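Trainee:
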Amino acid sequence: MACLRRCLTALALIGLTQLGCADEVVLPDITGQAAPEFTLKNQAGEDVALADLVANSRVALVFVRSADW
């Protein structure tokens with residue numbers, strides 16, 4: 008039992024060290040660039056296009072993930 012515990016601990020430590028070896032993901036900075044055109048449904052089920060919203064004023068998009076997905 009002690010040998011199994013030591014083996015599992017060693018495997019866990021090896022696995023944790025591998026997390027630090029992963030390549031860093033660098034995403035391009037897209038700040039200030041125009042968003043691509045898209046259409047989504049609102050709460051009433053109606054289609055709303057980004058172009059329709061941007062035509063009259065500035066738009067800020069906020070994505071919130073609900074707990075009831």
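Residue numbering for the sequence shown follows the working numbering, starting at 8 and increasing by one per position.
For every residue, glycine included, the Cβ atom is placed at its ideal position computed from N, Cα and C.
Since the structure is predicted, the reported quantities are computational estimates derived from the model, not experimental observations.
Kindly identify the DSSP beta-bridge partner or partners of Leu-5.
Mentor: In the structure as shown, the chain begins at 8 and stops at 76. Residue 5 is therefore absent and cannot be evaluated.
Trainee: Hey, Leu-26 and Phe-45: beta-carbon distance below 8 Å or not?
Mentor: Cβ atoms of Leu-26 and Phe-45: not closer than 8 Å.
Trainee: Note down the Cα distance separating Gly-22 from Val-33, rounded to an integer number of angstroms.
Mentor: So the two alpha carbons sit approximately 23 Å from each other.
Trainee: Expressed to the nearest angstrom, what Euclidean distance is found between the alpha-carbon atoms of Val-69 and Glu-31?
Mentor: Between Val-69 and Glu-31, the C-alpha separation is close to 26 Å.
Trainee: Pick from Asp-75, Ala-41, Ala-74 and Asp-54: whose alpha carbon is nearest that of Ala-67?
Mentor: Residue Ala-41 is the option with its Cα nearest to Ala-67.
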